[in-house]
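Engineer:
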Amino acid sequence: MTPETTKVRLPEESRTRTEAPPKAPHKHTTIEAALAEALARHGVTLAPRTSGRFERFDAPDKPKGNGNGWYRIHSPQAASFGIWHLDLAETVTLDGPTDDPEAAAQARLDAMRDRERRDRERRQREAQAKATANRWWPQAGPADAAFPWLTRKRLPPYNLRQHGDVLLMPLFFEGELVNLERIHPNGNKRTLPGGRVKGAASLIGDLAVAERVLVAEGWSTAAALHEAMGCAVVVARNADNLAPVARRLRQRLPAEVGITVCGDDDRHLPAQGKANKGAVEARHAALAIGAELLMPQFCEGCEGCTDFADVRLCRLGGGHGG
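Take the sequence shown: its position 165, counting from 1, is numbered 165 in the numbering used here, and each next residue is one higher.
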């Protein structure tokens, strides 16, 4: 006889339930913060932005402006970044970097394609600007010595030409005219849209007979230095371009020809919490090629001057000329 079995039901409240442990919070609250932390581990300090596009940044072990790094924020939960010359590519989530070789390889491929596209578009823009420069420059006439900006600066036109009511400063790269800086009567300056700037420069004086060559930021500073010293002066146009121009100049000139980098002194910027960019980049350019560094010496009590053109005007009794 088979014994009868009875199923016993436990009260509802006494049943044992297997519940999943509470999900741990993510390490980061935003993908931007996760990406910034991952970049910092490779010596890169920046505030990532969510644009949906590949963004470039400078690799920390290369000269300024190298653009050798890239990143992209794909979604609020994922991003990727890399550094070309290190063959580095990583993916990042809210929990930090993740070891996903396939995702990293795809990110690297996408970044390479984006880089090629951007380079192609940049070359097209530079070619268009170069064509415009080579069309305008022959059409331009001698610069009017009475041009308002020149009269305020008390400088002769030197290598400038004039196209309508705009002065033109030529910018050369590897011996070719690649861009023009347009100087308006009020002193506003603009290069041609998309034109090459990095490494491109203008020249006041003659390099062929030079024993010493000066490198300066803007045209008026270069012209003032040429007036005062009689040296050939290369115009880099802006502080960031001092080092690229100085390097190319050092490669081109004989070793016995000395180079002096003449910096602007943006002394008002530190009080605004900013770096003295003119002085910093001039020092960087001089160190890059072992050149001498020359900085302006201001008159006692003068607060408005920042460069050699200002100092010259101040001593002529004309303020800093705008």
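Quick reminder that beta carbons are idealized off the backbone N, C-alpha and C, glycines included.
Excluding sequence positions up to five away, which residues of its chain have a Cβ less than 8 Å from the Cβ of K130?
Structural biologist: Excluding sequence neighbours, K130 sits near E176, L177, V178, N179, G195 and R196.
Engineer: At the level of alpha carbons, what is the spacing between A47 and A239?
Structural biologist: Rounded to the nearest angstrom, the two C-alpha atoms are 23 Å apart.
Engineer: Report yes or no: do the segment 293 to 301 and the segment 248 to 265 share at least 3 C-beta pairs separated by less than 8 Å?
Structural biologist: These segments touch.
Engineer: Give me the Cα-Cα distance between E217 and K198, rounded to the nearest whole angstrom.
Structural biologist: When rounded, the distance between both Cα atoms is 13 Å.
Engineer: Buried or exposed for P244, going by 16 or more other Cβ atoms inside 10 Å?
Structural biologist: With 16 or more Cβ atoms within 10 Å of its Cβ, P244 is classed as buried.
Engineer: Can you have a look at P156 and say buried or exposed, based on whether 16 or more other CB atoms are within 10 angstroms of its CB?
Structural biologist: With fewer than 16 other Cβ atoms within 10 Å, it is exposed.
Engineer: What is the DSSP secondary structure of R9, reduced to helix, strand or coil?
Structural biologist: Any reading at R9 needs caution, since the residue's pLDDT is 49, under 50, leaving its predicted position unreliable; the model's value is listed next. DSSP places R9 in coil when its eight states are reduced to three.
Engineer: Taking DSSP as the reference, what is the three-state secondary structure of S220?
Structural biologist: Note: S220 maps to helix in three-state DSSP.
Engineer: Taking contact to mean at least 3 C-beta pairs separated by less than 8 Å, is the segment 295 to 313 in contact with the segment 218 to 225?
Structural biologist: The segment 295 to 313 vs the segment 218 to 225: in contact.
Engineer: Considering just the uninterrupted stretch of the beta strand (DSSP E) at P170, what are its terminal residues?
Structural biologist: Looking at the DSSP string, the run of the beta strand (DSSP E) that includes P170 is V166 to F173.
Engineer: Tell me, which residues are paired with I83 by DSSP?
Structural biologist: DSSP, once it has assigned bridges, lists G69 and L88 as partnering I83.
Engineer: Can you find the residues in the same chain that come closer than 8 Å, C-beta to C-beta, to K64, ignoring five residues on each side of it along the sequence?
Structural biologist: Here the set comprises D58, D240, A243 and H284.
Engineer: Let me make sure I understand the geometry here. Which of P193, T151 and Q77 has the alpha-carbon closest to that of T132?
Structural biologist: Here the closest residue by C-alpha is P193.
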